[in-house]
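Working notes, structure below.
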Amino acid sequence: MDTINGYKLPSWSNKFPPGFHLDCFKGDEFLEKVMIDEKNVYVFGRDPVQADIPIEHASCSRAHAILLYHDILKKSALVDLNSTHGSFRGKIKIAPFVPTFLEINDSFRFGASTRKFVVQEKPGESNLLLHLNDEESDEVDAELNNLTEYNTTCNKKKIQIDMSDQECRAKKRKRGKIQFAEEETILNLDEIDDKVGKFRNMAVTYIQTTDNSNIPKSPDIKKRKIADNYDEYMPSINFEDAPELVPFVEDSRLKIKKKYAKEAWPGKKADDGSLI
845 MDTINGYKLP SWSNKFPPGF HLDCFKGDEF LEKVMIDEKN VYVFGRDPVQ ADIPIEHASC
905 SRAHAILLYH DILKKSALVD LNSTHGSFRG KIKIAPFVPT FLEINDSFRF GASTRKFVVQ
965 EKPGESNLLL HLNDEESDEV DAELNNLTEY NTTCNKKKIQ IDMSDQECRA KKRKRGKIQF
1025 AEEETILNLD EIDDKVGKFR NMAVTYIQTT DNSNIPKSPD IKKRKIADNY DEYMPSINFE
1085 DAPELVPFVE DSRLKIKKKY AKEAWPGKKA DDGSLI
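Here this note's numbering is used: the first residue of the sequence shown is 845, the next is one more, and so on.
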């Protein structure tokens, strides 16, 4: 990779020293540490394929800027790749395609993004152990937290498995797939034997005739009446004919006179039927 977005990499570019990293902040809030000690150049941008450190802000370009390391000056250099909204060292906008060298603890950001990166080197454990008994506990706590975050980031990098994206997506066991035949096969059901198949051992054919003359008779079987010799135990029952019944027809000439109960109570006078 000699040229990135029209910028030719300089000859003094070399690999970053071990332990070099970037502290990522969003405003005043610390987010994470990003290790930059494995390559000669790191690309910042929105393109997940080309960018080593992705930036998701809409004001950033697909390949926004690169970060290099000068092996002789022992400094990192930020180069803007002629981005639309520019790159900033602190609050100063840098010129495109011009390396801007950064000191330790210098910050830079891209476009209108509020996320900033601070250049850091590997924290010294020996200096931290010498100041553990000092009265300035706040400074010691900050250095201890910084060392803890650095070790945590290094441990995460070691745990990562060296596998490509295609190998991770590949399935270990291939599953069966449904395949459709290109040629159509016409089956004639008359030519298929019903005895051949999954239940061919269970298929049995019987022929039943209505003529019983050809059926062999067993000599041990004798005809026997079901009610043989049971008449003597049954009582004699005389069944007489039912008497003839004469139909009854009601005479319509007979009129039935309805009768009502007479009203009577104490002190009632007999009604003579006369009107006053």
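Cβ atoms here follow ideal geometry from the backbone N, Cα and C, with glycine treated the same way.
Q. With 16 other CB atoms within 10 Å as the buried threshold, where does Ala-895 fall?
A. buried
Q: Only counting runs of 4 or more residues, tell me where the alpha helix (DSSP H) segments fall wholly within the segment 935–975, in order along the chain.
A: 969–974
Q. So what does Thr-847 bridge to, in DSSP terms?
A. Lys-852
Q. When the Cα of Lys-883 is compared with those of Asn-949, Gln-964, Pro-862, Ser-927, which residue comes out closest?
A. Pro-862
Q. Just how far apart, CA to CA, sit Lys-859 and Arg-953?
A. 22 Å
Q: Could you name the residues that DSSP lists as bridge partners for Arg-933?
A: Ile-936, Phe-952
Q | Nearest-angstrom Cα separation, counted from Ser-920 out to Cys-904 | A | 21 Å
(Q) Assuming Gly-889 is part of the beta strand (DSSP E), what are its boundary residues? (A) 886–889
Q: Put Ser-920 into one of helix, strand or coil per three-state DSSP.
A: strand
Q. In terms of alpha-carbon separation, which member of Pro-854, His-865, Tyr-1050, Val-1048 lies closest to Asn-795?
A. Nothing can be reported for residue 795: it is not among the residues displayed for the chain, which extend from 845 to 1120.
**Q.** Beta-bridge partners of Ala-1144, as assigned by DSSP
**A.** No answer is possible for residue 1144: it lies beyond the span of the chain, which begins at 845 and ends at 1120.
Q: Starting from Cys-868, follow the beta strand (DSSP E) in both directions and report where the run begins and ends.
A: 865–870
Q: Name the two residues that bound the continuous beta strand (DSSP E) containing Lys-877.
A: 873–879
Q) Based on the DSSP secondary-structure assignment, which residues constitute the bridge partners of Pro-898? A) Gly-889
Q) Hey, Cys-868 and Phe-961: beta-carbon distance below 7 Å or not? A) yes
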